[in-house]
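Enquirer: Residue numbers (our numbering): 992 to 1300. The structure is given below, and queries will be raised subsequently.
Listed below in structure tokens is the structure:
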């Protein structure tokens, strides 16, 4: 509680002690992050988009965007300055490893394509059916949701299959945190599931709805350096943020085209400094936010008494 010029320390102590049943609690949730910038309009030119569905950030802060109908990947600076682009076939998702290599899922040809950060082709592999979002962990392993087989496949960075696991309903997005946990979003199932990196189930959260922690066709997922989990809530036109174990933290967004509003967001990425990039799909743009402010701590009766003795 802040000290103010209109109330002495003694007066404040008497006010607190007079309310023996009071518990003054600051918001346990974080505030929504601040809108920073946006770029993109509908079109085929540099910096324009035709249904952007995937976004990723490399260790240098450059931003990669794939368009499901644009047939290309575009690379930008962190403020939206166009850098380069190269063709891909009907892309659905994009991810970047710690070395700056870029991975793209080509959903309708059932493949992952690996490029250098400037677009030089490195390798390509399949082994799944309709892969959408994808993720790369800190060891360079690649996770691909398989929407047709309702599975997640884990590959090496060169495409060798390591393991796979199932039991999903419409897996769409996947993310891996710094501790090796893997988060899978089910757009039909309307939930997030958390696993070890070998597929052992840990926990889950989410149901269909519009309330905090509920989803309407969630699509993609990302994690930040603190392990918080960000989910693109497509049907509710918003982003929701959770702790690593699924506790609700905050949300932002509503249907619309203004700053901080969305129209069916799909792709989401968080950079190393906590800035959040959202592929605002039907608004044909990328929006940048954040970082999410740290939640304030609850102030209890006992803590208040100690503060004003």
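All residues carry an ideal CB built from backbone N, CA and C; glycine is no exception.
Given this structure, state the Cα-to-Cα distance separating residue 1109 from residue 1153, to the nearest angstrom.
Expert: Residue 1109 sits at position 118 when you count from the first residue of the chain shown. Residue 1153 sits at position 162 when you count from the first residue of the chain shown. Distance between the alpha carbons of residue 1109 and residue 1153 is about 28 Å.
Enquirer: Assuming residue 1143 is part of the beta strand (DSSP E), what are its boundary residues?
Expert: Residue 1143 sits at position 152 when you count from the first residue of the chain shown. 1142-1146 is the span of the beta strand (DSSP E), which, as asked, contains residue 1143.
Enquirer: Taking the C-alpha atoms as reference points, what is the distance between residue 1205 and residue 1221?
Expert: For the purposes of this step, residue 1205 is taken as the residue at position 214 of the chain shown. For the purposes of this step, residue 1221 is taken as the residue at position 230 of the chain shown. Distance between the alpha carbons of residue 1205 and residue 1221: 13 Å.
Enquirer: Exposed or buried, which one is residue 1276 when buried takes at least 16 other CB atoms within 10 Å?
Expert: By 1-based counting over the chain shown, the position of residue 1276 is 285. So residue 1276 counts as buried.
Enquirer: Give me whichever residues DSSP pairs with residue 1136 in a beta bridge.
Expert: Locating residue 1136 in the chain shown gives position 145, counting from the first residue. In DSSP, residue 1136 forms a bridge with 1143.
Enquirer: Could you give the first and the last residue of the continuous beta strand (DSSP E) run that contains residue 1162?
Expert: Locating residue 1162 in the chain shown gives position 171, where the first residue counts as 1. Start and end: 1162-1167.
Enquirer: Figure out for me which residue from 1060, 1058, 1090 has the closest Cα to the Cα of residue 1052.
Expert: Within the chain shown, residue 1052 is the residue found at index 61, counting from 1. With distances taken between Cα atoms, residue 1052 lies closest to 1090.
Enquirer: Going straight from the alpha carbon of residue 1100 to that of residue 1120, what length do you get?
Expert: Translated into the one-based positions of the chain shown, residue 1100 becomes position 109. Translated into the one-based positions of the chain shown, residue 1120 becomes position 129. Taking the straight line joining both Cα atoms gives about 8 Å.
Enquirer: So, under 8 Å CB-CB, residue 1272 and residue 1043 are touching, yes? Tell me the CB distance rounded to an integer number of Å.
Expert: Within the chain shown, residue 1272 is the residue found at index 281, counting from 1. Within the chain shown, residue 1043 is the residue found at index 52, counting from 1. Correct: roughly 6 Å between the Cβ atoms.
Enquirer: Here's the rule: buried if 16 or more other CB atoms are within 10 angstroms of the residue's CB, otherwise exposed. What is residue 1177?
Expert: Working through the chain shown from its first residue, we reach residue 1177 at position 186. Buried is the call here.
Enquirer: In angstroms with no decimal places, state the Cα-to-Cα distance between residue 1105 and residue 1183.
Expert: For the purposes of this step, residue 1105 is taken as residue 114 along the chain shown, with counting starting at 1. For the purposes of this step, residue 1183 is taken as residue 192 along the chain shown, with counting starting at 1. Rounded to whole angstroms, residue 1105 to residue 1183 spans 27 Å at the Cα level.
Enquirer: What residue does the beta strand (DSSP E) around residue 1213 start on, and which one ends it?
Expert: By 1-based counting over the chain shown, the position of residue 1213 is 222. 1209-1214 is the span of the beta strand (DSSP E), which, as asked, contains residue 1213.
Enquirer: In chain order, what residues of the same chain lie with their CB nearer than 8 Å to the CB of residue 1207, ignoring the 5 residues before and after it?
Expert: Reading the chain shown from its first residue, position 216 is the one you call residue 1207. So the qualifying residues of the chain are 1181, 1199, 1200, 1201, 1224, 1225, 1226, 1227.
Enquirer: So is the beta-carbon of residue 1183 under 7 Å away from any non-hydrogen atom of the ligand ATP?
Expert: Questions concerning the ligand ATP fall outside what the structure shown contains, since it holds no ligand whatsoever.
Enquirer: Would you call residue 1060 buried or exposed, if buried means 16 or more other Cβ atoms sit within 10 Å of its Cβ?
Expert: In the chain shown, residue 1060 corresponds to position 69, counting from 1. Classification for residue 1060: exposed.
Enquirer: Report back the beta-carbon spacing between residue 1143 and residue 1175 to the nearest angstrom; my notes put them in contact at under 8 Å.
Expert: Working through the chain shown from its first residue, we reach residue 1143 at position 152. Working through the chain shown from its first residue, we reach residue 1175 at position 184. About 6 Å separates the two Cβ atoms, so the contact holds.
Enquirer: If residue 1096 and residue 1122 are in contact, beta carbons under 8 Å, what's the gap, nearest whole angstrom?
Expert: Sequence index remark: in the chain shown, residue 1096 carries index 105 (1-based). Sequence index remark: in the chain shown, residue 1122 carries index 131 (1-based). With 8 Å as the limit, residue 1096 and residue 1122 qualify as a contact, their Cβ atoms being about 4 Å apart.
Enquirer: Where residue 1112 and residue 1034 are concerned, what is the direct C-alpha to C-alpha distance, given to the nearest angstrom?
Expert: As a first step, residue 1112 is located in the chain shown; it is residue number 121 there, counting from the start. As a first step, residue 1034 is located in the chain shown; it is residue number 43 there, counting from the start. If I take the Cα positions, the gap works out to 26 Å.
Enquirer: By how many angstroms is the C-alpha of residue 1217 removed from the C-alpha of residue 1231?
Expert: The count along the chain shown starts at 1 and reaches residue 1231 at position 240. The count along the chain shown starts at 1 and reaches residue 1217 at position 226. Taking the straight line from one Cα to the other gives about 16 Å.
Enquirer: For the beta strand (DSSP E) containing residue 1093, name the first residue and the last one.
Expert: Within the chain shown, residue 1093 is the residue found at index 102, counting from 1. 1093-1097 is the span of the beta strand (DSSP E), which, as asked, contains residue 1093.
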